[in-house]
Amino acid sequence: MALKSPAFRKKFPLLPRPVHDANSVSSNSSTADGAQTTTTSDGEVVPKTMLVTEAKGRGLKSRSADYSHLDWVPREKLTAAQLAETGPYCSGAYIEPIRPGMDDKTPKSDAPTFIGAKASRYQQEEQVATLAGDVVMRQGSMQVEADEASLHQAENRGELNGDVRLRDNGALIVGDHAEVQLDTGEAKVDNAEYVLHKNNVRGNALYARRAENAIIRLKDGTYTTCEPNSNAWTVKGNNITLNPATGFGTATNATLRVHDIPILYTPYIYFPIDDRRQSGFLPPTIGTGT
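Going by numbering that gives the first Met the number 0, the first residue of the sequence shown is number 0, and it counts up by one from there.
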């Protein structure tokens with residue numbers, strides 16, 4: 000089905016994620032195979048969500064053992080054309096899958112929203128659509144997938160939970176929970192991992208914000224061009240900003256780590272995220288002031 004965004008709704012701030020009762024979880028434990036679980040106040044044992052901060056800069060194997068959730072394709076499965084664009088010593092590449100609308104240039108405010116799910120329910124009075132099971136939402140070039148979603152039509156806002164994947168303009172952000180402004184494409188993804196396919200860039204963050212102009216801002220994030228199971232080098236920062244339009248990124252309170260060992264700290268670093276305007280090695284700019 001298609002929902003047309005109301006013309007008078009232009010831009011709304013993302014709402015904070017609700018705070019849950021601290022007493023809802025009473026204990027943590029492990030199963031026989033080592034999987035982490037939690038026990039709720041009702042005695043129900045449920046899987047514990049692994050935080051990206053526990054992965055030490057690597058991809059979360061709890062989301063997929065082969066890192067396919069980051070669009071990682073091993074070398075032996077690459078096509079001849081993909082191999083030609085992959086370095087001879089790389090064990091694979093981040094390959095963006097072909098999908099409907101990926102090259103759509105229609106502004107988000109003018110693009111209809113196409114929605115698919117296994118089950119749906121609409122609350123007329125609240126103007127809220129609840130979707131469950133393989134939820135797919137596409138608007139212009141942006142596509143969002145999740146296990147469940149609630150779409151607040153009056154606010155042009157979507158809230159998504161479980162195996163969230165947001166795709167747009169050659170970027171993928173994966174997380175556990177997200178809120179999306181349907182008229183602008185602004186989004187906030189919690190417990191996030193991200194990939195910029197063409198630049199072989201990946202990382203993670205406590206949460207990632209995607210702005211209307213496709214700038215990605217990471218809170219307590221990491222940045223690297225290493226393969227998802229490697230930590231040859233990583234930049235970790237309190238705040239990281241990646242601007243695909245300019246080809247540069249910045250990080251504050253940043254630490255350069257080599258094989259998980261902190262090598263350099265700087266309050267500010269400015270670095271390229273692609274190879275534009277480079278005729279050789281372009282070092283990052285490091286600031287020492289406030």
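Quick reminder that beta carbons are idealized off the backbone N, C-alpha and C, glycines included.
In this text, all values refer to a predicted model and were calculated from it rather than measured experimentally.
Next item on the list: Compare the beta carbon distance of Ala-253 and Ile-272 with 9 Å and say whether it is the shorter of the two.
Entry: Within the sequence shown, the letter at position 254 stands for residue 253. Within the sequence shown, the letter at position 273 stands for residue 272. No, they are not a contact pair.
Notebook entry, point to check: From which residue to which residue does the beta strand (DSSP E) around Ala-79 run?
Noted result: If you number the sequence shown from 1, residue 79 lands on position 80. No beta strand (DSSP E) contains Ala-79, which is instead part of the alpha helix (DSSP H) from 79 to 83.
Next item on the list: Identify, in the order they occur along the chain, each residue of the same chain with its Cβ nearer than 7 Å to the Cβ of Asn-198, setting aside the five sequence neighbours on each side.
Entry: Within the sequence shown, the letter at position 199 stands for residue 198. Only Ile-272 and Asp-273 meet the Cβ criterion.
Check: Alpha carbon to alpha carbon, how far is Ile-97 from Ala-110?
Finding: Reading the sequence shown from its first residue, position 98 is the one you call residue 97. Reading the sequence shown from its first residue, position 111 is the one you call residue 110. Their backbone Cα atoms lie some 20 Å apart in a straight line.
Notebook entry, point to check: Taking just the CA atoms, how far does Ala-83 sit from Leu-150?
Noted result: Locating residue 150 in the sequence shown gives position 151, where the first residue counts as 1. Locating residue 83 in the sequence shown gives position 84, where the first residue counts as 1. If you take the alpha carbons of Leu-150 and Ala-83, they lie about 42 Å apart.
Margin query: Measuring alpha carbon to alpha carbon, tell me which residue in Glu-144, Trp-71, Asp-146 and Leu-241 is nearest Ala-297.
Written below: Residue 297 lies beyond the residue range present for the chain, which begins at 0 and ends at 289; the question has no answer from this structure.
Item checked: Beta-carbon proximity list for Leu-217, same chain, < 6 Å, skipping 5 on both sides -> Here residue 217 refers to the residue found at position 218 when the sequence shown is read from its first residue. Counting only Cβ-Cβ distances below 6 Å, and skipping sequence neighbours, we find Ala-204, Ala-207 and Ile-239.
Notebook entry, point to check: If you draw a straight line from the alpha carbon of Thr-228 to that of Thr-129, how long is it in whole angstroms?
Noted result: Walking along the sequence shown from the start, residue 228 turns up at place 229. Walking along the sequence shown from the start, residue 129 turns up at place 130. Residue 228 is actually Asn in this sequence, not Thr. Going from the Cα of Asn-228 to the Cα of Thr-129 covers about 36 Å.
Item checked: Cut-off 6 Å between Cβ atoms - residues of its own chain near Glu-158, not counting five sequence neighbours on either side -> Within the sequence shown, numbered from 1, the residue matching residue 158 stands at position 159. Same-chain partners within the cutoff: Ser-149 and Glu-178.
Notebook entry, point to check: Residue range of the beta strand (DSSP E) that Ile-215 falls in?
Noted result: Here residue 215 refers to the residue found at position 216 when the sequence shown is read from its first residue. 215 to 222 is the extent of the beta strand (DSSP E) around Ile-215.
Margin query: Beta-carbon within less than 7 Å of Asp-162's beta-carbon, same chain only, minus the 5 sequence neighbours each way: which residues are those?
Written below: Within the sequence shown, numbered from 1, the residue matching residue 162 stands at position 163. Ala-145 and Asp-146.
Item checked: Residues near Cys-225 in its chain [Cβ-Cβ closer than 6 Å; skip 5 each side] -> In the sequence shown, counting from the first residue as 1, residue 225 sits at position 226. The residues are Ala-231.
Notebook entry, point to check: Count the other CB atoms within 10 Å of the CB of Tyr-93; is the residue buried (16 or more) or exposed (fewer)?
Noted result: What you label residue 93 is simply residue 94 of the sequence shown in a count that begins at 1. By the 10 Å Cβ count, Tyr-93 comes out buried.
Checklist line | Residue nearest to Pro-99 in terms of C-alpha spacing, selected from Pro-106, Met-141 and Asp-65 | finding: As a position in the sequence shown, residue 99 is number 100, starting the count at 1. Looking at the Cα atoms, Met-141 is the closest of the given residues.
Notebook entry, point to check: Do you know whose CA, among Lys-235, Leu-50, Ser-119 and Arg-164, lies nearest Gly-132's CA?
Noted result: Locating residue 132 in the sequence shown gives position 133, where the first residue counts as 1. For the residues Lys-235, Leu-50, Ser-119 and Arg-164, the minimum Cα distance to Gly-132 belongs to Ser-119.
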